[in-house]
Amino acid sequence: MPAAVALGVAIAIGTVIASELAGVRIGMFTRDIQSLSASGGLALPHYAGALSMLTIMVWTAGSALAFAAAALVPARRSWLLVLGGLLLVIAADDAFMLHEGLGLPEVGFVIVYGVVAGWLAFRSLAHHRDGSGTAMLVGGAALALSAALDRWATDPYLLEDHFKLIGALVLLTIGPTMIAPMLSDRPAEPIAGARQSRAKVTV
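The sequence shown begins at 1 in full-length UniProt numbering and counts up by one.
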């Protein structure tokens with residue numbers, strides 16, 4: 001808990017510093033898009049960007065679950081750390097439009113993502129029974145199709161964004177799939193009420 005509080009304080013301080021360096025109000029970093037657009041004279045509906053935000057949440061959840069699995073499955077730790085890092089970078093890129101903001105070509109990011117995903121898929125072949133390889137191939141195929149539609153389709157938004165969401169959802173399943181066998185092998189902890197009742201009977 002102290003680490004979580006310290007991280008929250010550090011982020012707050014970093015937000016103040018970033019707003020000073022950028023020469024903008026702190027609200028530019030802390031307020032939601034609808035509020036910012038309304039204050040600028042553009043009223044966006046509450047559902048604006050809903051699918052994009054959902055996909056970002058799925059990326060973030062998948063990253064967190066991969067990191068949790070890395071802590072619980074030592075045999076696959078390095079693989080899961082790379083997976084969690086990849087999903088976290090994709091989430092940040094989607095949320096903050098990193099390559100657009102930095103002026104970097106999108107194709108470069110796609111190539112890097114593809115190389116890392118290919119390495120993950122290759123390394124998972126030796127562990128085909130846990131389903132990680134299948135998830136990497138299916139999720140990677142959905143994301144590759146999304147990237148292709150984004151680059152070459154004339155009006156790609158519906159299919160592109162939905163294939164991206166499908167890929168993110170498939171990759172999210174890897175962490176829980178790794179963790180589930182470990183949890184099922186552990187004896188169930190008795191709930192507090194059961195422990196108290198047992199103590200009374202013993203007395």
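Ideal Cβ placement from N, Cα and C applies to all residues, glycine included.
| said: Let me confirm a value: residue 170 is counted as buried when at least 16 other C-beta atoms fall within 10 Å, else exposed. Which label applies? | reply: Classification for residue 170: buried.
Under 8 Å Cβ to Cβ from residue 177, same chain only, skipping five residues before and after it: list those, please. Closer than 8 Å at the Cβ level, and outside the excluded window around residue 177, lie 130, 131, 132, 135.
Where residue 5 falls, given that 16 or more other Cβ within 10 Å makes a residue buried
It is exposed - the Cβ of residue 5 has fewer than 16 other Cβ atoms within 10 Å.
Which of helix, strand or coil DSSP assigns to residue 47: DSSP places residue 47 in coil when its eight states are reduced to three.
Q | DSSP state of residue 53 mapped onto helix, strand, coil | A | Residue 53: helix per DSSP, three-state reduction.
- On the three-state DSSP scale, how would you describe residue 103? In the structure shown, residue 103 sits in coil (DSSP, three-state: anything other than H, G, I, E or B).
Review point. Taking C-alpha atoms, which residue in 70, 50, 43, 84 lies nearest to residue 60?
Key: Closest by alpha carbon: 84.
>> Which same chain residues end up closer than 6 Å to residue 125 when comparing Cβ atoms and leaving out the 5 residues on each side of it in sequence?
In response: Answer for residue 125: 133, listed in chain order.
**Prompt:** Taking DSSP as the reference, what is the three-state secondary structure of residue 155?
**Reply:** DSSP places residue 155 in coil when its eight states are reduced to three.
In whole angstroms, what is the alpha-carbon distance linking residue 20 and residue 165? If you take the alpha carbons of residue 20 and residue 165, they lie about 35 Å apart.
- Count the other CB atoms within 10 Å of the CB of residue 1; is the residue buried (16 or more) or exposed (fewer)? Using a 10 angstroms sphere on the CB of residue 1, the tally of other CB atoms stays under 16, which defines it as exposed.
- Buried or exposed: where does residue 39 fall if 16 or more other Cβ atoms within 10 Å of its Cβ makes it buried? Around the beta-carbon of residue 39, fewer than 16 other beta-carbon atoms lie within 10 Å, marking it exposed.
| message | For residue 79, count the other beta carbons within 10 Å of its own beta carbon; 16 or more makes it buried, fewer makes it exposed. Which is it? | response | Around the beta carbon of residue 79, 16 or more other beta carbons lie within 10 angstroms, which makes this residue buried.
### Contact belief for residue 98 with residue 92 at Cβ below 8 Å, rounded distance in angstroms
Yes, they are in contact, since the Cβ atoms of residue 98 and residue 92 sit about 6 Å apart, within 8 Å.
- request: Give the straight-line distance between the Cα atoms of residue 76 and residue 180, rounded to the nearest whole angstrom.
  value: A direct Cα-Cα distance of roughly 14 Å separates residue 76 from residue 180.
| query | Ordered along the chain, which non-local residues of its own chain (more than five positions away) have a Cβ less than 7 Å from that of residue 65? | reply | Here the set comprises 172, 175, 176.
- [ ] Give the secondary structure of residue 145 by DSSP, where H, G and I count as helix, E and B as strand, and everything else as coil.
- [x] Here residue 145 carries a helix assignment [DSSP, helix/strand/coil].
Original post:
Do you know how far the Cα of residue 103 is from the Cα of residue 87?
Top reply: If you draw a straight line from the Cα of residue 87 to the Cα of residue 103, it is about 21 Å long.
(Q) Whole angstroms are fine: how far does the CA of residue 94 sit from the CA of residue 144? (A) Straight-line Cα distance between these residues: approximately 15 Å.
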